Amino acid sequence: MTTERKSLLSGFMPWRASRSEAPAVTSKAAGPQGAKGDLMNEHIVKSYEEELALLDKKIAHMGGLAEHILGQSFDALERRDPKLAEQVVKTDKQIDQLERDIEEQVISMIARRQPLANDLRHVMAALRITGDLERIGDLAKNIAKRALAIAHESHPKPLMTGLRHMGELALSQLKEVLDAYAARDADRALAVWRDDENIDSMYNSLFRELLTYMMEDPRNIGLSTHLLFGAKNIERVGDHTTNIAETVHFLVRGVNIIDDRPKSDDTSSTLFSQG
Amino acid sequence: MLNVQTSEIENRAVKLGTTDGTKVHAKDVNVYYGDKRALFDVTVNIPDRSVTAFIGPSGCGKSTFLRCINRMNDTIPICRVTGKITIDNEDIYDPSLDVVQLRARVGMVFQKPNPFPKSIYENVAYGPRIHGLAGTKAELDHIVQTSLEKAALWKEVKDRLNDPGTGLSGGQQQRLCIARAVAVGPEVILMDEPCSALDPIATAKVEELIDELKQNFCIIIVTHSMQQAARVSQRTAFFHLGILVEEGATNDIFTNPTDKRTQDYITGRFG
Chain A
1086 MTTERKSLLS
1096 GFMPWRASRS
1106 EAPAVTSKAA
1116 GPQGAKGDLM
1126 NEHIVKSYEE
1136 ELALLDKKIA
1146 HMGGLAEHIL
1156 GQSFDALERR
1166 DPKLAEQVVK
1176 TDKQIDQLER
1186 DIEEQVISMI
1196 ARRQPLANDL
1206 RHVMAALRIT
1216 GDLERIGDLA
1226 KNIAKRALAI
1236 AHESHPKPLM
1246 TGLRHMGELA
1256 LSQLKEVLDA
1266 YAARDADRAL
1276 AVWRDDENID
1286 SMYNSLFREL
1296 LTYMMEDPRN
1306 IGLSTHLLFG
1316 AKNIERVGDH
1326 TTNIAETVHF
1336 LVRGVNIIDD
1346 RPKSDDTSST
1356 LFSQG
Chain B
2 MLNVQTSEIE
12 NRAVKLGTTD
22 GTKVHAKDVN
32 VYYGDKRALF
42 DVTVNIPDRS
52 VTAFIGPSGC
62 GKSTFLRCIN
72 RMNDTIPICR
82 VTGKITIDNE
92 DIYDPSLDVV
102 QLRARVGMVF
112 QKPNPFPKSI
122 YENVAYGPRI
132 HGLAGTKAEL
142 DHIVQTSLEK
152 AALWKEVKDR
162 LNDPGTGLSG
172 GQQQRLCIAR
182 AVAVGPEVIL
192 MDEPCSALDP
202 IATAKVEELI
212 DELKQNFCII
222 IVTHSMQQAA
232 RVSQRTAFFH
242 LGILVEEGAT
252 NDIFTNPTDK
262 RTQDYITGRF
272 G
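Just so you know, the protein sequences line up as chains A and B, in that order.
Those letters in the first sequence? Residues 1086 to 1360, per this note's numbering, in order.
Those letters in the second sequence? Residues 2 to 272, per this note's numbering, in order.
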């Protein structure tokens, strides 16, 4: 299974093949670090320290799973592989369970420990990130399900290539933001936040391409609509990734990002008539 | 009807105008116990009509600083205070200032409730009587009643004003001490861990009282409970080893402190 996955991924996502560690855990164990980047002292109460570390471990696990099924969902769509799609659905259940776990832990920590300052930001960040990761899992599931719907349609290569590039970008952004969380690196998170623009502009051009494709021949409409929804899902993954980037920035710096994010998704105002 | 509304708005405007003013100002305050220096150049502005919390580990100087504000430290022979503390721009260490008058303006509530071994009525009436605040018995009765009302104790004790104050529960005793402090019409109320000997219900009552009292008084509270500081105060000052490390809006201090020592202390990481 592992080798199969590797070879699958090496064609689809070249950077994945080089990562030999267990696919489920992406991030290095997050060391407790200070709000200003310096090394934190440990809590006097050891179990508190352990609970915070456990929270990070669960987030890392959940993030790893989300990355994993997102990649699988692209594969499933491209190869029209129903078995892979089923696996995505199964793994998504695990992600949902982890979300409930983390939520429960955060609520119990707020009740029992009354976290303050960076600890407060830590548990709040965990709560927010877990919500975004759960949504990303759902979107991956939705993409994978489309693999079943378009199983018998023809295979327009240029369109799939566009979708694949967009997926790769969204996935690398997600990986980057999870690493930024593990490393408590606000600058990296900010870079991810800014780069979401690229996903948006890819979505724009894909939207136009699919529109043209549908106009050329009404028989393409079924497939194109599914691919369009797939693209939209990937774009939404990008939005959740930016949410996580904002959360990481807040966690590390204690303030929200105040810049206006460059926005280039203009599909909501695109007209259908040509000329 | 209309007139009432207008005057209410005026009242509120007057109140608003005084809220952001500085009541207590300290500049370069140093305290020495003999050769030992307990406070290092503490400079801080404390606003009127709000609650300021002093937090910090034991022996950090927060109580020492609190006691400078009504010159309680004068009672310790080896204690020496330098620097300047003013209340409404008036230097409280001015040699011509009457310390007894100062302590009427700056009331204090202590960690352990310490009512006088007298009746509830006498506990509250004692201060106004020695300061000559009431001319008649009726006036004194009025002061006692309003003070007990302000301390949210009136309803519980109005039928047994002649019972001894020491017979009340811990929480009631502490509110009696607050009523006693309020009775002499102070401007500033200092509280040195007022809830550390109380159960959670009594603590909640005292906190509710502090919240109400802040409409009319400048309140400074020393507390070891981080949650209490976060709950009751608008501003928080963190002391460590005799140094005022950080002072700011309570919200900022507890969500995003700027100094690492503050962060380590409030999150329980002090090594």
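The C-beta atom is built at its ideal place from N, Cα and C for all residues, glycine as well.
It should be emphasised that the depicted structure is a prediction, and the values quoted were computed from it without experimental measurement.
Quick one: what does DSSP say residue i is sitting in, helix, strand or coil?
| i | result |
| --- | --- |
| K1121(A) | Reliability of the predicted coordinates at K1121(A) is poor, the pLDDT of 41 falling under 50, and the value obtained from them is presented with this limitation in mind. Correct three-state label for K1121(A): coil. |
| E1(B) | Beyond the ends of chain B as shown, which are 2 and 272, falls residue 1(B); an answer cannot be given. |
| F41(B) | strand |
| P118(B) | coil |
| L1254(A) | helix |
| G1222(A) | helix |
| I88(B) | strand |
| I70(B) | coil |
| N257(B) | coil |
| Y266(B) | helix |
| T53(B) | strand |
| A1234(A) | helix |
| D1344(A) | coil |
| K151(B) | helix |
| P96(B) | coil |
| K159(B) | coil |
| H132(B) | coil |
| I77(B) | coil |
| F271(B) | coil |
| T137(B) | coil |
| V1262(A) | helix |
| N1126(A) | coil |
| P165(B) | strand |
| Q146(B) | helix |
| V125(B) | helix |
| V82(B) | strand |
What do you reckon, are the CB atoms on residue i and residue j nearer than 8 Å?
| i | j | result |
| --- | --- | --- |
| G243(B) | G22(B) | no |
| T65(B) | V25(B) | no |
| A1316(A) | G1222(A) | no |
| G269(B) | I1129(A) | yes |
| R130(B) | A152(B) | no |
| R1206(A) | Y1133(A) | no |
| V185(B) | H132(B) | yes |
| A1267(A) | A1138(A) | no |
| H1334(A) | A1232(A) | no |
| L191(B) | M109(B) | yes |
| E209(B) | Q229(B) | no |
| I221(B) | L103(B) | no |
| P114(B) | G171(B) | yes |
| V82(B) | V158(B) | no |
| N1227(A) | L1254(A) | no |
| T1352(A) | F1292(A) | yes |
Between residue i and residue j, how many whole angstroms is the CB-CB distance? I'm expecting something under 8 Å.
| i | j | result |
| --- | --- | --- |
| G166(B) | N217(B) | That pair is no contact at about 24 Å. |
| S234(B) | V52(B) | 4 Å |
| N1126(A) | D164(B) | That pair is no contact at about 51 Å. |
| D1285(A) | Q1258(A) | Actually they are not in contact, since the Cβ atoms of D1285(A) and Q1258(A) sit about 12 Å apart, beyond 8 Å. |
| Y1298(A) | D1350(A) | The Cβ separation is near 20 Å, so there is no contact. |
| I1187(A) | A1211(A) | 6 Å |
What residue does the beta strand (DSSP E) around residue i start on, and which one ends it?
| i | result |
| --- | --- |
| M109(B) | 107-110 |
| Y1298(A) | Where Y1298(A) is concerned, there is no enclosing beta strand (DSSP E), although the alpha helix (DSSP H) it sits in stretches over 1271-1301. |
| E248(B) | 244-250 |
| L25(B) | The amino acid at residue 25(B) is misidentified as Leu; the sequence shows Val. From DSSP, the beta strand (DSSP E) with V25(B) extends over 23-34. |
| V223(B) | 219-223 |
| T237(B) | 236-241 |
Between which two residues does the alpha helix (DSSP H) carrying residue i extend?
| i | result |
| --- | --- |
| F1314(A) | 1306-1338 |
| V1130(A) | No alpha helix (DSSP H) holds V1130(A); DSSP gives it neither H nor E. |
| R1197(A) | 1167-1198 |
| T204(B) | 201-214 |
| C61(B) | That residue, C61(B), is in no alpha helix (DSSP H); it is neither H nor E in DSSP. |
| V185(B) | Segment: none, V185(B) is in no alpha helix (DSSP H) and carries neither H nor E. |
If the cut-off is 9 Å on Cβ atoms, which residues from the region 239-270 of chain B count as contacting chain A, listed in chain order?
D253, I254, F255, T256, N257, P258, T259, K261, T263, Q264, D265, I267, T268, G269, R270
Along the region 1198-1215 of chain A, what residues have a CB closer than 8 Å to any CB found in chain B?
Correct list: Q1199, P1200, L1201, A1202, N1203, D1204, L1205, R1206.
For the region 1122-1145 of chain A, which residues have a CB atom closer than 8 Å to at least one CB atom of chain B, in sequence order?
Residues are counted here when their Cβ sits less than 8 Å from a Cβ of chain B; for the region 1122-1145 of chain A these are D1123, M1125, N1126, E1127, H1128, I1129, V1130, Y1133, given in chain order.
Residues from the region 224-236 of chain B in contact with chain A, defined by Cβ distance under 8 Å
M227, Q228, A231
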